[in-house]
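A.B. asks: Take this structure first; my questions come after.
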Amino acid sequence: MIHYKAIGKIMGALLMLLAFLMLPGLAFSFYFGSQDEMALIGSAFISFVVGASLYFSFSKQDQNIRKREGYLIVSLSWLFMSLFGMLPYILSGSIQNIPDAIFETVSGLTTTGASILNDIEAMPAGILFWRSMTQWIGGLGIIVLTVAILPLLGIGGIELFVAESPGPTSDKLHPRIRETAKRLWFVYLGLTILVSILFHLGGMNIFDAINHGLTTMATGGFSTKNASMAYYDSAFIQYVAIVFMFLAGTNFTIIYFGLIGKFKRVWKSDEFKTYLFVTVFLAAAFAAPIYYYSGQEFEKSFRDGLFQIVSLITTTGYVTADYTSYHQGLTLLFFMMLFLGGSAGSTAGGIKFVRHLTFVKNTWLEFKRIVHPRAVVPLKINGDRVTGKIITHIMNFLLIYLMIFVIGSIVMTLMGYDILTSFGAVATSLGNVGPGIGQVGPLDNFAFFSPSAKIFLSFLMLLGRLELFTILILFTPFFWRAN
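If you count by this note's numbering, then the sequence shown holds residues 1 to 483, one letter each, in order.
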């Protein structure tokens, strides 16, 4: 039996938290006189009242949370956050219809970075800050934040952490899940502050520096400028963005071990070494072709290529150049990067390098097993043997991911969009990247899609952000059967 009352209480706590997170934007509303303060206050008030009603209605109920409740809570929390997170857009009039507001909010919370806004710079300052905040909130996961807070309310957190991070890794910085979440968030907060300071030193005003700091560490890609990072024709700013996008795409436990000097633990990670090698290799391989086709000086060509590669691999989605303008072959290679993803345990979306690494290693070992059928050839990651259960889980994930991409592309073409645009929209939404190919290239946005297409793509964003199984399991009949 599912404990719905416990779920209701947690939904209430999340909505109250969301209400408080809406308020920091008021400082910019008053400072810039953007006249959107009432929209933020009204949205926070509605979220808090609904949240408090849910929380205190179930405050005395049994709070025993099992794995089943964990998956349901994670899925519902992202749905609730999306529905209430769109209120500032609607109440301020910045976005005037619900499908557009849902799309922009889901894109923010899932750190996808796709947008329906045609003139970002015309947005009120407070709303623009809230837009960046949605990505920062979603960056490391709403639930990872709340597992550090909910124990104070008498609610356990381990089941929620498992549901939020259903990937193949299970590293913990501390045996207590609350301490793990807190340390991850301190690293996340510290890096966000540092990159914001560096952006400001590089020439951004304080408002732009904070906003870009929030969305860089979230690997979200929302910018305060219509031209994204291309607006800042500064090598310093763009190289800073490259470094911190790469860090944000790294497993945060690896960053933590690096910060405390445990470099052997860092280099022991096969995923990190693969992530680093692939990034460096692609940057070197793309440098000459981009230099040839762009006609720019070599340093600018190298920087643009490296920026786009890191941005796509980490699913950040910032752009400094139109990568579809070089050559069709390069466009195809950039498109394939939409399926890489950063590291497990990072703020990046996508398939994740550890899954690709496991697939490649297992495929290679399968050839060896064919030649030596009686040999026991274990698959190892980070020196540890990977169980058959995990390998099966990864193979199923890759197959389902591919199936959803194909089915989603067919659905988009049936809605009337050309096949290139359908491929690009589905791949970038499912991978939580932002820019794609076709009519959703790096210089385009998603405003032209129909309301039904925007809702469908929003669903794909949520599906990709929660790594498929967390949502798909809700559509199975046995999930709802009583024990």
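Cβ coordinates follow ideal geometry from the N, Cα and C atoms, glycine included.
Just so we're clear, the structure is a prediction, and the values are computed from it rather than from any experiment.
#1: Please state whether the Cβ-Cβ distance between I404 and L463 is less than 8 Å.
#2: For a minimum of 4 consecutive residues, which ranges assigned as the alpha helix (DSSP H) are wholly contained in the region 376-426?
#3: Pick from D304, G295, P289: whose alpha carbon is nearest that of A235?
#4: If we ignore side chains and look at the alpha-carbon of each, how far apart do S94 and D119 end up?
#5: Under three-state DSSP, which class holds N362?
#6: Let me make sure I understand the geometry here. Which of G138, T111, G139, A101 has the alpha-carbon closest to that of I127?
#7: By Cβ distance below 7 Å, which residues in the same chain neighbour L365 in space, the five residues on each side in sequence not counted?
#8: Is the Cβ-Cβ distance between S294 and M245 less than 8 Å?
#9: Measure the CB-CB distance between F129 and G25 and report whether it falls below 8 Å.
#10: Please confirm if G8 has its CB atom under 8 Å from at least one CB of chain C.
#11: How would you label G249, buried or exposed, when you count the other beta carbons within 10 angstroms and need 16 or more for buried?
#12: How far does the alpha helix (DSSP H) with N211 in it reach, from first residue to last?
#13: Could you give the DSSP three-state label for S223: helix, strand or coil?
#14: Alpha carbon to alpha carbon, what distance is there between G213 and E121?
#15: Within 10 angstroms of its Cβ, does M412 collect 16 or more other Cβ (buried), or is it exposed?
#16: Sorted by chain position, which residues of the same chain lie with C-beta nearer than 7 Å to F199's C-beta, five sequence neighbours on each side aside?
#17: Do you know how far the Cα of I471 is from the Cα of W78?
#18: Suppose the cutoff is 7 Å on Cβ atoms and the five residues either side in sequence are ignored; what does the same chain contact list for S228 look like?
#19: Buried or exposed: A288, going by 16 or more other Cβ atoms within 10 Å of its Cβ?
#20: Since M16 and S43 are thought to touch, with beta carbons under 8 Å apart, how far apart are those beta carbons, to the nearest angstrom?
#21: So, for L340: in the same chain, excluding its five sequence neighbours on each side, which residues have a beta-carbon less than 8 Å away from its beta-carbon?
#22: CB L184 to CB L140, shorter than 8 Å?
#23: For F479, which residues in the same chain have their Cβ closer than 6 Å to its Cβ, ignoring the five residues on either side in sequence?
#24: Would you give the residue range spanned by the alpha helix (DSSP H) that W480 belongs to?
#25: By Cβ distance below 8 Å, which residues in the same chain neighbour P477 in space, the five residues on each side in sequence not counted?
#26: Here's the rule: buried if 16 or more other CB atoms are within 10 angstroms of the residue's CB, otherwise exposed. What is L466?
#27: In chain order, what residues of the same chain lie with their CB nearer than 6 Å to the CB of I309, ignoring the 5 residues before and after it?
#28: Check whether the Cβ atoms of S115 and N432 sit closer than 8 Å, and answer yes or no.
#29: With a 10 Å radius around its C-beta and 16 neighbouring C-beta atoms as the bar for buried, classify M336 as buried or exposed.
#30: May I ask which residues mark the beginning and end of the alpha helix (DSSP H) holding R66?
#31: Please state whether the Cβ-Cβ distance between S486 and T215 is less than 8 Å.
#32: According to DSSP, is E179 helix, strand or coil?
#33: Please say whether F84 and S47 have beta carbons closer to each other than 8 Å?
#34: If we ignore side chains and look at the alpha-carbon of each, how far apart do A447 and M395 end up?
#35: Comparing the CB of F286 with every heavy atom of the ligand COA, is any distance shorter than 7 Å?
#36: Once the 5 residues before and after Y231 are set aside, which same chain residues still bring their CB inside 7 Å of it?
C.D. replies: In brief:
#1: Your numbering for residue 404 matches position 404 in the sequence shown. Your numbering for residue 463 matches position 463 in the sequence shown. The answer is yes: Cβ separation under 8 Å.
#2: 388-414
#3: Taking the sequence shown and counting its residues from 1, the one referred to as residue 235 is at position 235. The residue with the shortest Cα to Cα distance from A235 is D304.
#4: Residue mapping note: residue 94 aligns to position 94 of the sequence shown, counting from 1. Residue mapping note: residue 119 aligns to position 119 of the sequence shown, counting from 1. The straight-line gap from Cα to Cα measures roughly 11 Å.
#5: Locating residue 362 in the sequence shown gives position 362, counting from the first residue. It is helical.
#6: Numbered from 1 along the sequence shown, position 127 holds the residue referred to as residue 127. If we check each option's Cα against that of I127, A101 comes out closest.
#7: To locate residue 365, count along the sequence shown from 1; it is residue 365. For L365, where only same-chain residues beyond five positions count, the Cβ hits under 7 Å are V377, L379.
#8: By one-based count along the sequence shown, residue 294 stands at place 294. By one-based count along the sequence shown, residue 245 stands at place 245. The answer is no: Cβ separation not under 8 Å.
#9: By 1-based counting over the sequence shown, the position of residue 129 is 129. By 1-based counting over the sequence shown, the position of residue 25 is 25. Result yes, Cβ atoms of F129 and G25 sit closer than 8 Å.
#10: Judged by its chain identifiers, the structure shown contains no chain C, having just a single protein chain.
#11: On the sequence shown, residue 249 is found 249 positions in, with the first residue counted as 1. So G249 ends up on the buried side.
#12: One-based indexing of the sequence shown puts residue 211 at position 211. Its alpha helix (DSSP H) spans residues 206-217.
#13: Within the sequence shown, residue 223 is the residue found at index 223, counting from 1. In the structure shown, S223 sits in coil (DSSP, three-state: anything other than H, G, I, E or B).
#14: As a position in the sequence shown, residue 121 is number 121, starting the count at 1. As a position in the sequence shown, residue 213 is number 213, starting the count at 1. Between E121 and G213, the C-alpha separation is close to 17 Å.
#15: Counting from 1 along the sequence shown, the entry for residue 412 is found at position 412. Flag for M412 reads buried.
#16: Numbered from its first residue, the sequence shown carries residue 199 at position 199. Result list for F199: A209, H212, G213, I237, V240, in chain order.
#17: Position 78 of the sequence shown, counted from the start, is the residue given in the question as residue 78. Position 471 of the sequence shown, counted from the start, is the residue given in the question as residue 471. If I take the Cα positions, the gap works out to 11 Å.
#18: Taking the first residue of the sequence shown as position 1, residue 228 is located at position 228. Here the set comprises Y318, V319.
#19: In the sequence shown, counting from the first residue as 1, residue 288 sits at position 288. Classification of A288: exposed, given that the 10 Å Cβ count is below 16.
#20: Within the sequence shown, numbered from 1, the residue matching residue 16 stands at position 16. Within the sequence shown, numbered from 1, the residue matching residue 43 stands at position 43. Going by Cβ atoms, the distance from M16 to S43 rounds to 13 Å, so no, they are not a contact pair.
#21: Here residue 340 corresponds to residue number 340 of the sequence shown, with the count starting at 1. Contacts found: V278, L312, I313, G350, I351, F353, H356.
#22: The residue you call residue 184 lines up with position 184 of the sequence shown. The residue you call residue 140 lines up with position 140 of the sequence shown. Their beta carbons are under 8 Å apart, which means L184 touches L140 by this criterion.
#23: Residue numbering aside, residue 479 sits at position 479 when the sequence shown is read from its first letter. Once the five neighbours on either side are set aside, the close Cβ partners of F479 are I473.
#24: Your numbering for residue 480 matches position 480 in the sequence shown. No alpha helix (DSSP H) contains W480, which DSSP labels as neither H nor E.
#25: Reading the sequence shown from its first residue, position 477 is the one you call residue 477. Correct list: empty, nothing qualifies.
#26: Walking along the sequence shown from the start, residue 466 turns up at place 466. So L466 ends up on the buried side.
#27: By 1-based counting over the sequence shown, the position of residue 309 is 309. Excluding sequence neighbours, I309 sits near L282, A283.
#28: If you number the sequence shown from 1, residue 115 lands on position 115. If you number the sequence shown from 1, residue 432 lands on position 432. No; because the gap between Cβ atoms is not below 8 Å, this pair is not in contact.
#29: Locating residue 336 in the sequence shown gives position 336, counting from the first residue. Classification of M336: exposed, given that the 10 Å Cβ count is below 16.
#30: Taking the sequence shown and counting its residues from 1, the one referred to as residue 66 is at position 66. Premise fails: R66 is in no alpha helix (DSSP H) and is neither H nor E.
#31: This structure does not reach residue 486, given that the chain is present from 1 up to 483, and the question cannot be answered.
#32: Locating residue 179 in the sequence shown gives position 179, where the first residue counts as 1. The answer is helix: DSSP assigns E179 an H, G or I state.
#33: Numbered from 1 along the sequence shown, position 47 holds the residue referred to as residue 47. Numbered from 1 along the sequence shown, position 84 holds the residue referred to as residue 84. Yes.
#34: Within the sequence shown, the letter at position 447 stands for residue 447. Within the sequence shown, the letter at position 395 stands for residue 395. Rounded to the nearest angstrom, the two C-alpha atoms are 35 Å apart.
#35: As for the ligand COA, it is missing from this structure, which has no ligand bound.
#36: The sequence position of residue 231 within the sequence shown is 231, counting from 1. Around Y231: K225.
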